[in-house]
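Everything in the sequence shown is counted per the working numbering, starting at 100 for the first residue and increasing by one. Positions of the beta carbon are idealized from the N, C-alpha and C atoms, including for glycine. These numbers come from a predicted model, not from an experiment.
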Amino acid sequence: MKPLTGSAPSQCQRKGLHIGLGRDLHRLVHGRPFILGGVTLPCDFGEDGHSDGDVLTHAITDALLGAASTDIGELFPNTDPKWKGAPSIEMLKKAWGLVSAEGWSIINIDCVVSCEKPAVLPFRNQIRDSLAGALCINIEQVFLKGKTGEGIGIIGEGRAVEALAVCLLEQKSEK
Ligand code: MG
Numbered sequence: 100m101k102p103l104t105g106s107a108p109s110q111c112q113r114k115g116l117h118i119g120l121g122r123d124l125h126r127l128v129h130g131r132p133f134i135l136g137g138v139t140l141p142c143d144f145g146e147d148g149h150s151d152g153d154v155l156t157h158a159i160t161d162a163l164l165g166a167a168s169t170d171i172g173e174l175f176p177n178t179d180p181k182w183k184g185a186p187s188i189e190m191l192k193k194a195w196g197l198v199s200a201e202g203w204s205i206i207n208i209d210c211v212v213s214c215e216k217p218a219v220l221p222f223r224n225q226i227r228d229s230l231a232g233a234l235c236i237n238i239e240q241v242f243l244k245g246k247t248g249e250g251i252g253i254i255g256e257g258r259a260v261e262a263l264a265v266c267l268l269e270q271k272s273e274k
């Protein structure tokens, strides 16, 4: 097998394509809203957290920043009182503003939210519309699936909600 170093730039490098991966998990507690992608779902419990706890928006923010080689913890430390209770969709807009200013544009975002309750599917398009609006992209560029934990582990026992997001960015101009 040939060494990987010193090889010609890959097709992705030549085209300026970067993949970003984001993941987040929040505990579920009573007395908090259940917010996904800036949309509050009807539920008698919600995500615990320093901000509003919007686990999906955090995962997407992490993915977009990851594609641009930074991470959400650097930009929005959970020790910063400025972000206590803050709407995560505003954090997403701020993060994307920084990344897009570097010449990046979004090709697509795909996400998975895992929780035992509530059902995510009835709110899919509302959530996609909210995220697309925040990122100034078309709804077709962001997709979302809902999964359960099959009754197993912290997801299945209804103690936490997890979100995974992957994005593909294209750099159209040099910074
Ligand atoms: Mg989070």
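Residue i - containing alpha helix (DSSP H), residue span
| i | result |
| --- | --- |
| Glu189 | 187–199 |
| Ile226 | 223–234 |
| Leu243 | Careful: Leu243 lies outside any alpha helix (DSSP H), inside the beta strand (DSSP E) at 241–246. |
| Val154 | 154–166 |
| Gly145 | Where Gly145 is concerned, there is no enclosing alpha helix (DSSP H), although the beta strand (DSSP E) it sits in stretches over 144–146. |
Cβ neighbours of residue i in the same chain (closer than 8 Å, five flanking residues each side left out)
| i | result |
| --- | --- |
| Leu103 | In this predicted model, Leu103 has a pLDDT of only 49, less than 50, meaning its place in the structure is not dependable; the value taken from the coordinates is given anyway. Same-chain partners within the cutoff: there are none. |
| Lys183 | His149, Ser150 |
Any non-hydrogen atom of the ligand MG within 8 Å of residue i CB
| i | result |
| --- | --- |
| Gly152 | yes |
| Gly148 | yes |
| His129 | no |
| Asp228 | no |
| Asp170 | no |
Assigned exposure category for residue i - 16 Cβ within 10 Å defines buried
| i | result |
| --- | --- |
| Thr139 | exposed |
| Val128 | exposed |
| Asp161 | buried |
| Thr178 | exposed |
Proximal residues to residue i (C-beta, below 7 Å), its chain only, five neighbours per side dropped
| i | result |
| --- | --- |
| Ile253 | Ala259 |
| Leu267 | Leu116, Ile118, Ile206, Asn207 |
Span of the beta strand (DSSP E) around residue i
| i | result |
| --- | --- |
| Leu263 | 259–270 |
Would you call the segment 130–143 in contact with the segment 167–175, where contact means no fewer than 3 C-beta pairs closer than 8 Å? Not touching, per the Cβ criterion.
Check whether the segment 197–210 and the segment 230–250 are in contact - that is, three or more C-beta pairs closer than 8 Å. yes
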